[in-house]
Each structure stands twice: as structure tokens, then as C-alpha cells.
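In this note's numbering, the protein residues as written are 1176 to 1454. Please read the structure below before turning to the comments.
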């Protein structure tokens, strides 16, 4: 199965670099590149990709607003990209529905792996981002923190609460299994039950919920945080060759009646036109 991707970043070199790395994979097809959040949203609505890579800071419409609109209006999953030098938008992006969070200096193989993990329905946050997320939340005054009623957790069994606690501390399924002395299959069942009972989309939202309900105390000082996925071997990426100029496609418009537009059979990326209705 081919994973269909839209890449959005206002820096052309960054955007093109990510697109080339991903499009070189045998199981990934980059449908479009976008220079701002409005173009990204238009591309997602027209082309129906599986994953959208969104820079947090973009003109016209930023990545958070685009992520929120994409999450609300489609099944497309989003991975947020940031330089993270002074980014205060991580928490807001995760609340907007982001399924992953990566630094722009991510390694080639980690970028490819992140897209595959998110497309498969899991979530992924770079460990340094997870630490920053926890630190940002715990540094806020109590009155300014978003909250959820602790009674929300009453729907969970004792083991499911333990599982949520370990999730909030960044443990992988294998580490949770060792801590609870159960199999990884049992842990996956517990995680699924937690998400279902609390109405959460993925493990990232489970971490946020654990803090907002007070299950994890704000005074908790995190150590090294493991990624929220079970990484497997990553196939080495292929170096893409030059794109023949004769394969340059014309503009692709959404199909009449709001249907899905056909992807270019030549797999050559293009920037979708700006939709005036998006601002």
C-alpha cells in the first residue's frame, strides 16, 4: 500500500528536501508541496493524502490552524515540523490534533519512519520534543493550565490507569510490559482501552490527558523520554535521481462536485493553487 503525503513549508529548500527524501521511498508518494497552511489545506481537501507534514510557522495560515482544520475535516494525519529554537506552539499543535512532532534537523531515516508510523495509525514525538512538552506544561501557573475532571479516569480499570501513567512518563509498550509484568499484547489491549474509554485519538493525547486530569503531578521531573512508538528496522532510503523535465505535469484541480482529484501518475510534485476561500 502506498502512503500518500503532502509536504508544507514556506522554505522552499526545506520543503523540497523533505519531499525528495520521501518520494524516493518505494511505499511513499508525495502528491503535492505547499508554501503555506492555506495551500496545504487545499491540497489535502483536493488530493486526500494519508499524511500531511506541516511546518508550524507559515504565512497566510500557520501549521496549527491548518492542522486543526485538517483533523476536523478529514482522515488525514498530521506531523508537525519545527526548528524548535524557541517554539511555544508545541502544546497547541498537539491539542489541534497532530499525530507527530519532529525537529527539522531530523535524520533522513527517522523522517521516513515517522511518516510510516503515523500513516499506520500510531503517534510519534521526538524525545527532545516530549521533554519540552512536559516542561512547558509543568512550568505554567496552575490557573492557566487546561484541565479535565479527574472523574474522567473513573471509567478506567486499575491496570488501565497504570498503563496511562506509564504512557505519560514516555515508556514504550515493551517497557510498560516489563513494569506491569505482562505481555506486550496485553499492553496494547490496555492502551486501546484507555484511548477508547477516554475518547482520545492517540498516545500523544493520552499523555496530555494524564497531566490535565492530575494523574501525573506537575512537579514530576522527566528524565529521558522514550519515543511513543515501537521502532523497527528502517530500510535505507534510495537516492533519488534527476527528474526528467518532460514529465512536468499541468495544474491539478479538484474534481467536479468536490470529489477527489486524481494524483499525477508521474509522481512529480506540484504546489496546489491558492484557494481564495481559505483566506
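Heads up, the beta-carbon is just placed ideally off N, CA and C, and yes, glycines get one too. In this text the structure is predicted, and so the values were computed from the model without any measurement.
Would the beta-carbon of residue i fall within 8 Å of that of residue j?
{"i": "residue 1278", "j": "residue 1253", "result": "no"}
{"i": "residue 1178", "j": "residue 1226", "result": "yes"}
{"i": "residue 1224", "j": "residue 1181", "result": "yes"}
{"i": "residue 1274", "j": "residue 1379", "result": "yes"}
{"i": "residue 1359", "j": "residue 1349", "result": "yes"}
{"i": "residue 1339", "j": "residue 1390", "result": "yes"}
{"i": "residue 1241", "j": "residue 1216", "result": "yes"}
{"i": "residue 1239", "j": "residue 1268", "result": "yes"}
{"i": "residue 1231", "j": "residue 1237", "result": "yes"}
{"i": "residue 1388", "j": "residue 1327", "result": "yes"}
Just the Cα atoms here: how many angstroms apart are residue i and residue j?
{"i": "residue 1195", "j": "residue 1329", "result": "47 Å"}
{"i": "residue 1289", "j": "residue 1354", "result": "26 Å"}
{"i": "residue 1243", "j": "residue 1213", "result": "12 Å"}
{"i": "residue 1205", "j": "residue 1235", "result": "22 Å"}
{"i": "residue 1362", "j": "residue 1296", "result": "17 Å"}
{"i": "residue 1228", "j": "residue 1183", "result": "6 Å"}
{"i": "residue 1287", "j": "residue 1185", "result": "20 Å"}
{"i": "residue 1210", "j": "residue 1371", "result": "36 Å"}
{"i": "residue 1283", "j": "residue 1198", "result": "12 Å"}
{"i": "residue 1280", "j": "residue 1265", "result": "16 Å"}
{"i": "residue 1416", "j": "residue 1377", "result": "Unreliable placement is indicated for residue 1416, whose pLDDT of 49 sits below 50; the coordinate value is still reported in the next sentence. Each residue's alpha carbon lies about 37 Å from the other."}
{"i": "residue 1190", "j": "residue 1357", "result": "43 Å"}
{"i": "residue 1294", "j": "residue 1255", "result": "14 Å"}
{"i": "residue 1200", "j": "residue 1251", "result": "20 Å"}
With respect to the alpha helix (DSSP H) encompassing residue i, which residues constitute its N-terminal and C-terminal limits?
{"i": "residue 1291", "result": "1283 to 1294"}
{"i": "residue 1197", "result": "1187 to 1198"}
{"i": "residue 1231", "result": "Premise fails: residue 1231 is in no alpha helix (DSSP H) and is neither H nor E."}
{"i": "residue 1210", "result": "Careful: residue 1210 lies outside any alpha helix (DSSP H) and carries neither H nor E."}
{"i": "residue 1244", "result": "1238 to 1248"}
{"i": "residue 1180", "result": "Note, residue 1180: premise wrong, no alpha helix (DSSP H); beta strand (DSSP E) at 1178 to 1183."}
Between residue i and the rest of its own chain, which residues show a CB-CB distance below 7 Å, the 5 nearest in sequence each way excluded?
{"i": "residue 1188", "result": "none"}
{"i": "residue 1433", "result": "Legend: pLDDT at residue 1433 = 45, less than 50; position of this residue unreliable, value from coordinates given subsequently. Same-chain partners within the cutoff: there are none."}
{"i": "residue 1325", "result": "1388 and 1389"}
Taking the beta strand (DSSP E) that residue i belongs to, which residues open and close that run?
{"i": "residue 1252", "result": "1252 to 1257"}
{"i": "residue 1223", "result": "Run containing residue 1223: none; DSSP gives neither H nor E here."}
Leaving out five residues before and five after residue i in sequence, what residues of the same chain have Cβ atoms less than 6 Å from its Cβ?
{"i": "residue 1335", "result": "1365, 1368 and 1369"}
So, at 8 Å on beta carbons, what are the nonlocal neighbours of residue i in its own chain, with the 5 sequence-adjacent residues on each side left out?
{"i": "residue 1381", "result": "1339, 1342, 1343, 1366, 1369, 1370, 1373 and 1375"}
What ranges does the beta strand (DSSP E) occupy inside the stretch 1321 to 1387, keeping only unbroken runs of at least 3 residues that lie completely in it?
none
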